[in-house]
Amino acid sequence: MGFEVFDLITEIYDYQKNKPIRLLDKVSLKANPGEIMAIIGAIGSGKSTFIQHLNGLKKADNGLILIHNESYPNQSREWLKKVGIVQQFSQKQLFLTTVADEIAFAAKNFEITYDLNHLCALVDLDTTLLARHPRTLSGGQMRKVAIASVLAAQPEILILDEPFAGLDWQAQTELTQALNKLAANGMTIALVTHDLNFVYEHCQKVVVFSDGKIIAEKTPKQLFTEDTNWQELGIEATPLLQTNFVTFDEQAVKKWLISGEVDNETY
Ligand SMILES: Nc1ncnc2c1ncn2[C@@H]1O[C@H](COP(=O)(O)OP(=O)(O)OP(=O)(O)O)[C@@H](O)[C@H]1O
Ligand SMILES: [Mg+2]
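For the sequence shown, this note's numbering begins at 37 and goes up steadily by one.
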């Protein structure tokens with residue numbers, strides 16, 4: 037169950053070069069319920085393009101997408117209801133005049149009962165903001181509204197494009213807790229992120245995109261313990277990764293991730 041994609045190929049035509057360019061090149065992967073899957077890769081490697089296929093925002097030239105083993109007509113109501121997407125620039129998703137209307141929009145559209153207080157609590161959004169115009173909110177607050185509005189429609193699959201970008205530490209922690217809770221309740225979550233600490237700590241699977249292709253699909257532990265060439269993947273190595281630990285002590289790494297303290301006995 038969850039979702040599965042097989043051999044997605046998407047091309048656009050480059051009129052200057054007079055030839056097609058492949059944005060997605062035979063992308064196949066599987067995401068399971070209760071898991072958080074990370075999608076990482078260099079800038080321009082096709083991450084956003086890929087996730088936009090997952091609810092039909094973009095249509096592949098070839099390949100198949102199955103949601104719980106079923107395929108759906110492009111952008112059909114049933115498909116849109118099952119997959120909720122929070123886009124990379126989530127403020128662009130907001131178009132109504134109050135936060136309350138914004139959060140309720142998809143739920144109303146799908147005739148789903150919703151509870152604004154509960155939805156605000158899910159993303160830790162202050163309910164006093166409900167009467168405000170979404171455009172008057174801060175970037176982090178807008179992100180929370182976009183996520184709440186997607187959750188209001190009770191999707192079974194949640195896709196987020198760089199949900200931590202621009203959030204402060206507290207907002208990141210709150211969002212991490214919310215995502216873990218949703219996954220624990222059986223939601224399938226896939227997110228694009230550049231935050232490798234989050235990947236290591238909270239994801240069960242990580243797929244690496246490069247030039248429209250998936251070049252690795254592993255558990256974070258495999259990716260972080262193998263002699264991964266981060267530069268080749270186009271990913272900026274954090275201080276943690278620069279130590280290039282091939283055989284590391286997991287407890288010491290966790291301590292580093294949480295407190296920033298390096299255990300001198302280990303290193
Ligand atoms: N409509 C389009 N026309 C031309 N090129 C496109 C189009 N859509 C996407 N691309 C190109 O496809 C590539 C992948 O873009 P995409 O937005 O998926 O990258 P990304 O991995 O999400 O990058 P980032 O980390 O910067 O968000 C880029 O080179 C982009 O310029
Ligand atoms: Mg992107």
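For glycine and all other residues, C-beta sits at the position ideal for the given N, C-alpha and C.
As the structure is a computational prediction, the values presented were derived from the model and not from experiment.
Buried or exposed (CB count within 10 angstroms, at least 16 for buried), residue i
{"i": "Y236", "result": "buried"}
{"i": "F131", "result": "exposed"}
{"i": "Y49", "result": "exposed"}
{"i": "Y51", "result": "exposed"}
{"i": "A142", "result": "buried"}
{"i": "P170", "result": "buried"}
{"i": "K118", "result": "buried"}
{"i": "T255", "result": "exposed"}
{"i": "K53", "result": "exposed"}
{"i": "T85", "result": "buried"}
{"i": "S81", "result": "buried"}
Sequence-distant residues of the same chain with beta carbon closer than 7 Å to residue i, five excluded per side
{"i": "L65", "result": "V41, V243, I250 and E253"}
{"i": "G176", "result": "G202, L203, D204 and A207"}
{"i": "Y108", "result": "E114 and W115"}
{"i": "Y150", "result": "A140, A143 and A188"}
{"i": "G99", "result": "V41, F42, D43, L44 and I45"}
{"i": "E210", "result": "D160"}
Nearest-angstrom Cβ-Cβ length linking residue i and residue j, presumed shorter than 8 Å
{"i": "G248", "j": "L59", "result": "5 Å"}
{"i": "M37", "j": "N91", "result": "With 8 Å as the limit, M37 and N91 do not qualify as a contact, their Cβ atoms being about 17 Å apart."}
{"i": "H355", "j": "I76", "result": "The structure shown does not extend to residue 355, since the chain is modelled only from 37 through 303, so no value can be given for it."}
Per-residue DSSP class, three states only, for residue i
{"i": "I76", "result": "strand"}
{"i": "I148", "result": "coil"}
{"i": "F131", "result": "coil"}
{"i": "I103", "result": "strand"}
{"i": "N110", "result": "coil"}
{"i": "S246", "result": "strand"}
{"i": "L60", "result": "strand"}
{"i": "G176", "result": "helix"}
{"i": "L90", "result": "coil"}
{"i": "V41", "result": "strand"}
{"i": "I139", "result": "helix"}
{"i": "N98", "result": "strand"}
Sequence-distant residues of its chain with Cβ nearer than 6 Å to residue i (five each side left out)
{"i": "L194", "result": "G120, M223 and I225"}
{"i": "M73", "result": "A67, A226 and K241"}
{"i": "Q127", "result": "M178"}
{"i": "F39", "result": "A67, I103 and I193"}
{"i": "V135", "result": "L165, L166, R168, P170 and V181"}
Same chain, Cβ closer than 8 Å to residue i, five either side skipped, listed in chain order
{"i": "E47", "result": "P56, I57, R58, L59 and D97"}
{"i": "V122", "result": "Q129, R179, A182, I183, V186, L194, I195, L196, D197 and P199"}
Residue i Cβ short of 7 Å to ligand 4 heavy atom set
{"i": "G38", "result": "Among the ligands present in this structure, namely ligand 1 and ligand 2, ligand 4 is not found."}
Original post:
If you measure from each residue's Cβ to the nearest non-hydrogen atom of ligand 2, which ones come out under 7 Å, in chain order?
Top reply: K83, S84, Q124, D197, E198 and V228
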